[in-house]
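FYI, in mature numbering (1 follows the signal peptide of the UniProt record, and there is no 0) the residues of the sequence shown are -24 to -1, 1 to 406. We treat Cβ as the ideally placed atom computed from N, Cα and C, and that holds for glycine. On a predicted model such as this, the values are computed, not experimentally measured, just so you know. Working notes, beginning with the structure itself.
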Amino acid sequence: MKRKSKWSLLGATMILTFSLAACSGGDEDNASGGGDGGKVELDFWAFGATGYDELAKEYEKENPNVTIKFKSAETAEHHDALFTALSAGNGAPDIAMLEVDQFDRFKVAQDRFTNLYDLGAEEVQDQYLEWKWNAGENAEGDFLFGLPTDIGPKALYYRTDVFEAAGLPTDPAEVEALINSPEAFKEAGLKIKEETGKPLVDSIEIAYRAMLDPAVDTYLNPDGELLIEEKGNAVKEAYDYAVELDEAGIVGKFDMWTPEWASAVNTGDFAAEIGAGWLKGWMEGNAPDAVGKFKVATLPKEFAANWGGSYIAIPGETENAQAAYDFIEWLVSPENQLKSFQSNGLFPSAPAVYEMEEFSSNQDEFFGGQVSSEVFAEAAQDIDGAVYKGEKYFAVHQEVSNALKNVQDGGDPEKEWKAAVKRAKDLISR
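Structure below.
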């Protein structure tokens, strides 16, 4: 088992947010659960539109002694319910999905989960992207919380009509060659603004995330200490870059998921979106006037990052750990990741899928016949590692995002930064 994280003292120094009870995941009795040859019933909690309910039915047909009770909820509701059950020490399911942005919140309660290495996970480790697998481990690399499911590699979604009107190339390979650095990204934006009057990107949040998402050390370390005051911290660099793009006049005010943003995507009121692979599905279903007007290109190396995805874990209180593991290993196999991609747009974390004909020949009508899956596959393999987030990541992130919006409304960038740092300190001290 390999481990690349530098946070080797996490297990010894993290202050647990759960009240610890006398339960321990991955013990010998648990690991052998379901091994008596009798019927096994597994509770599976998930979130979002995954299609895992249909795959579970398929598994039941192949394994008539296994019944899977599938339950899906909204992301926040799902994670809160799971957190409550694990904290209480009872009521957790046999199998649970964990979204990557929520993952660190649960890692601090390692004793509430089953170590998948005890159930044979090491045998399939080489089937998945290294960075995705490693992010599913504890800091020491000897405990695996979950098997990898989907990922969210980021790419450049761009309007070919806006690029053409600005005198820029529209072929993906030519766009990649042109926009090959953060500086080149800005230069393209200036050209678009000059020729069309339109902003390059939709919002200052997306401009900020361009350089924030690839960073490994962002707001907090696993000891809960704030990092953003350190000289050269990646958050300040991302903040300054977003301010630079905004001051150049190439950042719009279309906040993602608002009606205004949806309309702007549909009508081409901004030139490009830096988005993950899952955004493709939203566009296909919600931007009818944009069909054939978008293409996708890989981002500069400095922007290469993951945005979204999940893992599937086995809570420690299950009495059927081995049966649960056998199912989830089957569920996230390369063959079934292809099915999840085809049915629900879940982008695979198993590189073998990228070589499958059904994946590589999947032309997208929305993108003018481009095989966009190949672009995201390349992007997935450009990612260096996973970002540590921690329990208060979103609270701190929101403070910096608020500062950037204040800057866009006329605030002084340095004053707003200092105010955001102070608010973040207050949050951490609570």
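So, helix, strand or coil for residue i, using DSSP?
{"i": "residue -3", "result": "With a pLDDT of 38 at residue -3, under the threshold of 50, the modelled position of this residue cannot be trusted, and the question is left open."}
{"i": "residue 20", "result": "strand"}
{"i": "residue 26", "result": "coil"}
{"i": "residue 44", "result": "strand"}
{"i": "residue 49", "result": "strand"}
{"i": "residue 7", "result": "Legend: pLDDT at residue 7 = 42, less than 50; position of this residue unreliable, value from coordinates given subsequently. Looking at residue 7 - three-state DSSP - the assignment turns out to be helix."}
{"i": "residue 12", "result": "Residue placement at residue 12 is flagged as unreliable, the pLDDT there being 48, under the threshold of 50; a coordinate-derived value is accordingly withheld."}
{"i": "residue 185", "result": "helix"}
{"i": "residue 191", "result": "coil"}
{"i": "residue -8", "result": "Note on residue -8: pLDDT 43, under 50, position unreliable in the model; no value is reported."}
{"i": "residue 401", "result": "helix"}
DSSP beta-bridge partners for residue i?
{"i": "residue 71", "result": "20"}
{"i": "residue 122", "result": "289"}
{"i": "residue 31", "result": "For residue 31, which the question treats as bridged, DSSP gives no partner whatsoever."}
{"i": "residue 196", "result": "202"}
{"i": "residue 89", "result": "291"}
{"i": "residue 323", "result": "127"}
Which residues mark the beginning and the end of the alpha helix (DSSP H) in which residue i is found?
{"i": "residue 177", "result": "Counting along the chain, residue 177 falls outside any alpha helix (DSSP H), and DSSP gives it neither H nor E."}
{"i": "residue 408", "result": "Any answer about residue 408 is impossible in this case: the structure gives the chain only from -24 up to 406."}
{"i": "residue 316", "result": "310 to 320"}
{"i": "residue 80", "result": "76 to 83"}
{"i": "residue 335", "result": "333 to 336"}
Quick one: is residue i near chain B, going by C-beta distance under 8 Å?
{"i": "residue 234", "result": "In summary, chain B is missing from the structure at hand, where a single protein chain is found."}
My parser needs the alpha helix (DSSP H) runs of 4 or more residues fully inside the region 224 to 297; what are they? Here the runs fully enclosed are 235 to 243, 255 to 262.
So within the region 341 to 399, which uninterrupted alpha helix (DSSP H) runs reach at least 4 residues, ignoring any that extend past its ends? 348 to 358, 369 to 384
Every unbroken beta strand (DSSP E) within the region 99 to 172, with a cutoff of 3 residues, ordered by chain: Taken in chain order, the complete beta strand (DSSP E) segments of 3 or more residues contained in the region 99 to 172 are 122 to 135.
Under 8 Å, with one C-beta from each stretch per pair, do the region 282 to 290 and the region 243 to 258 reach the 3-pair mark? yes
Does the contact criterion of 3 or more C-beta pairs under 8 Å hold for the region 289 to 308 versus the region 187 to 207? Contact fails: fewer than three Cβ-Cβ distances are below 8 Å.
I want to know whether the region 323 to 341 touches the region 239 to 249 - three or more CB-CB distances under 8 Å. no
Under 8 Å, with one C-beta from each stretch per pair, do the region 382 to 402 and the region 294 to 313 reach the 3-pair mark? no
The region 256 to 268 touching the region 48 to 59, judged by at least three CB pairs closer than 8 Å: no
How about the region 164 to 183 and the region 210 to 230: do they share at least three Cβ pairs that are nearer than 8 Å? Yes, since at least three Cβ pairs between the region 164 to 183 and the region 210 to 230 fall closer than 8 Å, the two stretches touch.
Touch check for the region 130 to 142 and the region 343 to 358: three-plus C-beta pairs under 8 Å? yes
Closer than 8 Å is the cut-off here; do at least three beta carbon pairs connect the region 335 to 344 with the region 100 to 116? no
Would you be able to state if there are at least three C-beta pairs under 8 Å between the region 356 to 369 and the region 69 to 83? yes
Meets three-Cβ-pair contact criterion under 8 Å: the region 392 to 406 and the region 152 to 167: no
Evaluate the contact criterion for the region 62 to 74 versus the region 269 to 276: three or more CB pairs, one atom per stretch, below 8 Å. no
Cβ pair count under 8 Å reaching 3, the region 204 to 216 against the region 237 to 244: Under the Cβ criterion (8 Å, minimum of three pairs), the region 204 to 216 does not count as touching the region 237 to 244.
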